[in-house]
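Residue numbers (full-length UniProt numbering), protein chains in the order written: chain A, 1 to 574; chain B, 1 to 412. Presented below is the structure to which this report refers.
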């Protein structure tokens with residue numbers, strides 16, 4: 001990096017780093033004996049990940065800090081996240097190979113490292129706080145206030161007005177502060193590169209790696225673990241080494257003040273995969289966890305529904321061909337196929353199956369249930385028939401309890417950590433004093449709460465609801481039979497229910513209005529709501545996403561019928 | 001209801017607040033404290049665009065919790081207040097004041113005094129000027145406590161005086177308190193506002209030291225200066241002062257007249273009527289009748305014997321003199337539609353007779369004159385009274401019968 005000697009062999013000055021930390025000439029691959037300084041390994045967590053190849057002088061800045069680039073910060077974060085995932089059972093390949101290769105590729109693509117030219121515009125650093133007297137005459141250099149309004153920190157739509165006012169008081173000559181070297185660059189408009197790294201994108205990276213490895217973790221699982229604190233995301237910057245000082249605009253980059261949103265992470269992942277020019281991802285076959293057959297089984301168990309329903313989900317999957325490898329596997333950049341959200345898909349399939357068998361029009365399912373109840377009372381042999389009513393009561397009870405608990409957790413969510421961040425040195429004393437007050441008050445009222453134990457982090461678990469057949473209270477429905485709702489016709493088992501209602505007669509144009517369908521509670525039966533609500537809770541996503549997927553599946557399933565009849569009824573004969 | 005699975009800082013604190021609110025409404029102080037603990041970190045985030053800032057919320061909520069929580073103590077409260085004081089310059093004096101009130105409510109007068117003195121010495125650049133009003137209040141309350149001390153010293157002196165002791169140090173201290181109190185009390189009552197307590201104390205001080213002129217001026221200002229909000233008490237204080245100093249009937253009457261205009265149902269109206277009835281001037285007697293009728297328009301006086309006896313006396317006197325029956329007619333005109341149901345129903349008659357014989361007597365007299373001997377009220381009460389052989393009821397019956405034609409002239 002700072003190594004400017006000419007190569008002994010070819011006289012070029014074009015050096016790269018070997019794995020061992022030595023220099024080699026890129027032109028002729030001559031290896032020198034010079035090695036990098038020990039200090040440079042500070043931020044290298046994994047010796048296989050090379051640090052940013054442009055001149056990183058780890059000089060001590062005044063105040064014990066050193067120079068660091070934003071992408072180094074993100075690199076650290078990704079490493080932490082990968083470690084956490086490994087602790088959750090993800091294979092070590094994820095951390096050691098897949099994720100770091102993706103990251104390396106990202107750095108290459110964004111010309112931050114691993115490339116021959118260090119693009120001038122990205123490297124130019126703005127003068128730090130207490131130096132320089134005149135502003136560069138770059139035409140598009142924004143004023144400090146503009147930089148603030150360009151901030152894209154997730155969810156933090158309010159610019160900190162105290163910060164803004166302090167910046168406005170700063171004279172024009174001093175520039176915006178950030179602990180990182182290029183923090184302020186992050187908000188410059190004229191940056192040609194797309195896909196600037198953000199905190200939510202770290203999760204997109206993680207998910208992309210998980211998907212590549214076909215790990216048994218869906219995106220909703222991942223995001224749930226994040227919110228529950230098993231994967232570092234909120235306040236992960238507290239793990240930065242001491243020397244990496246974080247302040248000023250760094251806060252807007254690294255501080256998180258909202259929960260990750262499924263859609264956002266998912267879409268970014270797609271964008272990222274395309275941007276990195278990744279090839280077709282490894283095939284999702286029917287032995288993969290993410291295959292709808294597998295996921296349906298998992299969700300059926302979790303929803304306490306009879307195992308027998310699995311046959312039906314498989315049938316639907318097969319019929320509409322959503323179990324096929326080409327449908328399920330991600331091909332980055334392919335805009336013609338609609339991309340698959342595995343968890344949402346599986347949930348929607350189950351919803352459709354329930355509609356097929358139980359109709360869910362607020363009448364028929366109760367009718368069937370009463371019949372099953374009658375039969376169960378009189379005849380205990382041959383196992384119990386599934387009673388929708390009983391199941392509803394059990395699930396509603398559990399769901400309400402869980403939902404209430406979740407709401408309380410949301411109200412009690414703590415966003416700040418022990419490490420205090422400052423926008424500038426000037427603000428430091430005030431911020432620290434404020435922190436002291438906060439701690440005092442928390443202690444005072446904490447004591448008055450009457451020995452409330454601190455909320456324990458729930459153990460990470462793939463299943464949020466558990467049902468065991470060993471429970472004698474009959475609250476587990478896995479083994480119940482669907483005989484009550486099925487009949488034999490020409491040697492085949494079909495549903496007794498002859499009808500079906502479509503959620504929507506016509507799908508919207510997703511590009512125009514952003515949705516395929518419009519979910520409004522008033523329009524649909526209560527039972528349908530309930531089922532949607534259940535899966536909405538399990539996946540922690542808006543009910544409308546599941547509803548949209550249900551609509552799509554229905555339209556595939558009844559495609560022929562829909563195409564034939566120009567005039568639709570909302571009811572359909574199967 | 002659709003459940004959101006998104007969450008950000010602001011939203012989670014909003015949710016937290018609603019849990020706190022629920023807990024407080026249900027008086028679950030432990031739960032409120034618990035959720036407040038999670039709300040507190042919002043102090044570190046800027047919410048300056050919001051209507052009410054987190055620090056204000058926390059101050060109000062925290063105070064409420066500490067007032068009611070079983071494990072709370074004065075020490076807890078003091079600690080909390082210290083934190084609140086450090087939270088914001090703009091609220092500093094308000095917090096001090098509230099702290100003082102709290103101390104006073106808990107009987108910690110000395111601590112309250114110290115607190116006020118400390119607050120008085122607070123200075124903070126331009127904020128000092130902006131919060132001039134709060135500062136005046138603080139000084140005023142300290143003045144009040146000075147008055148309280150003065151009062152204590154005074155009582156000690158009086159006691160000693162009785163015993164024949166002289167106590168110079170106590171006397172000096174007393175005068176010292178007086179000076180301090182007078183200064184601050186005077187200051188606050190020049191600001192338009194409602195300062196009943198301060199005015200009373202100040203006037204008390206002035207009277208003690210013989211400065212009647214100043215006292216009178218203060219009270220006049222307080223009652224008559226249009227910049228001050230309308231305050232019936234101001235007139236009451238002025239009246240009481242004038243009465244104490246033996247002022248002329250004329251001045252007393254003019255003060256009470258204003259009070260009558262503002263609060264016709266005031267208890268002083270009884271005294272007012274008595275004063276007016278005795279007057280030789282016709283106008284005043286006329287006013288007296290107006291006053292007493294007005295009083296009895298109000299439900300609170302319905303069963304007040306004194307009020308009815310005043311009215312009865314005056315009505316009787318007019319009837320006997322056979323002069324100024326038109327006064328009664330005028331007063332009765334606007335009341336004849338609703339007073340019968342309001343005061344003179346058969347049900348009232350029964351009740352009054354059972355519960356309060358004197359009341360029924362007075363009322364019966366009035367009813368008999370205004371509504372005639374055949375009205376429900378009079379008939380019932382006089383019948384009962386005569387049956388019970390109470391002398392005055394017989395006299396009453398005779399009187400009303402005798403003057404029945406009056407009724408006819410009134411109602412006509």
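The beta-carbon is built from N, C-alpha and C at its ideal position, and this holds for glycine as well.
Contact check between the segment 492 to 510 of chain A and the segment 543 to 552 of chain A: three or more CB pairs, one atom from each, fall below 8 angstroms, which counts as touching. Among the bridge pairs identified by DSSP, residue 489 of chain A is matched with A/492. Look at residue 380 of chain B here: in three-state DSSP terms it is helix.
Near chain B, meaning a CB-to-CB distance below 8 angstroms, the residues of the segment 409 to 437 of chain A are 410, 411, 412, 413, 414, 415, 416, 431, 433, 434, 435 and 437.
Nearest neighbour of residue 229 of chain A by Cα position, chosen from A/502, A/478, A/521 and A/410, turns out to be A/410. According to DSSP, residue pairing for residue 513 of chain A in a beta bridge does not occur. Shown here, residue 235 of chain A sits in a strand according to DSSP, grouped into three states. Shown in chain order are the members of the segment 7 to 36 of chain B whose Cβ falls below 7 angstroms from a Cβ of chain A: 7, 8, 9, 12, 15, 16, 19, 30, 33, 34, 35 and 36.
For a cut-off of 8 angstroms, the C-beta gap from residue 249 of chain A to residue 184 of chain A is around 5 angstroms, short enough to register as a contact. Residue 248 of chain A has A/178 as its beta-bridge partners, per DSSP.
Looking at B/354, B/263, B/146 and B/167, the one whose alpha-carbon comes closest to that of residue 202 of chain B is B/146. Sequence-distant partners of residue 85 of chain B (beyond 5 residues in either direction) whose C-beta falls short of 6 angstroms from its own C-beta, in its chain, are 92 and 95. Taking the Cα of residue 71 of chain A as reference, the smallest distance to any Cα among A/227, A/96 and A/237 is reached at A/237.
The C-beta separation of residue 116 of chain B from residue 141 of chain B comes to about 6 angstroms, placing the pair in contact by the 8 angstroms criterion.
Taking 8 angstroms as the cut-off between beta carbons, none of the residues of the segment 235 to 266 of chain B comes near chain A. The residues 315, 318 and 410, in chain order, have a CB closer than 7 angstroms to that of residue 328 of chain B in the same chain once the five nearest residues on each side in sequence are set aside. Contact annotation, residue 497 of chain A with residue 356 of chain A: C-beta distance approximately 7 angstroms; criterion of less than 8 angstroms satisfied.
Within the DSSP secondary-structure output, residue 258 of chain A pairs in a beta bridge with B/8.
For the segment 206 to 239 of chain A, the beta-carbon criterion of a distance under 7 angstroms to any beta-carbon of chain B is satisfied by none of its residues. The alpha carbon of residue 388 of chain A has as its nearest neighbour, out of A/405, A/368, A/406 and A/378, the alpha carbon of A/368. The contact set of residue 331 of chain A on chain B, defined by CB atoms closer than 7 angstroms, is empty, because the minimum CB distance reaches about 29 angstroms. In chain order, 444 make up the part of chain A whose C-beta sits under 7 angstroms from the C-beta of residue 80 of chain B. Counting only residues of its own chain and dropping the five nearest sequence neighbours on each side, residue 237 of chain B has a CB closer than 8 angstroms to the CB of 196, 199, 200, 203, 219, 222 and 223. In chain order, 368, 371, 372, 375, 385 and 386 place their CB closer than 7 angstroms to the CB of residue 484 of chain A, counting only its own chain and leaving out the 5 sequence neighbours on each side.
Sequence-ordered contacts of the segment 393 to 408 of chain A with chain B read 403, 406, 407 and 408 [C-beta pairs closer than 9 angstroms].
For residue 76 of chain B, the nearest beta carbon of chain A is closer than 8 angstroms to its own beta carbon. Rounded to whole angstroms, the separation of the alpha carbons of residue 532 of chain A and residue 41 of chain B is 35 angstroms.
One thing to note: residue 100 of chain A has its Cβ no nearer than 8 angstroms to the Cβ of residue 214 of chain A. When A/512, A/425, A/488 and A/491 are compared, the shortest CA-CA separation from residue 245 of chain A is found for A/425.
Residues 309, 312, 313 and 316 of the same chain have their beta carbon placed closer than 8 angstroms to that of residue 353 of chain A, with the five preceding and five following residues left out of the count. Taking 8 angstroms as the cut-off, the beta carbon of residue 397 of chain B is found no closer than this to the beta carbon of residue 343 of chain B.
For residue 69 of chain B, the residues of chain A that pass the 9 angstroms Cβ criterion are 448, in the order they occur in the chain. Taking a cut-off of 8 angstroms on C-beta distances, the segment 53 to 66 of chain B does not touch the segment 468 to 488 of chain A, as fewer than three cross pairs fall below it. Its chain contains no residue whose beta carbon lies nearer than 8 angstroms to that of residue 337 of chain B once the 5 sequence neighbours on both sides are disregarded.
Contact check between the segment 263 to 281 of chain A and the segment 13 to 29 of chain B: fewer than three CB pairs, one atom from each, fall below 8 angstroms, which does not count as touching. Nearest to residue 522 of chain A by alpha-carbon distance, out of A/448, A/503, A/537 and A/535, is A/503.
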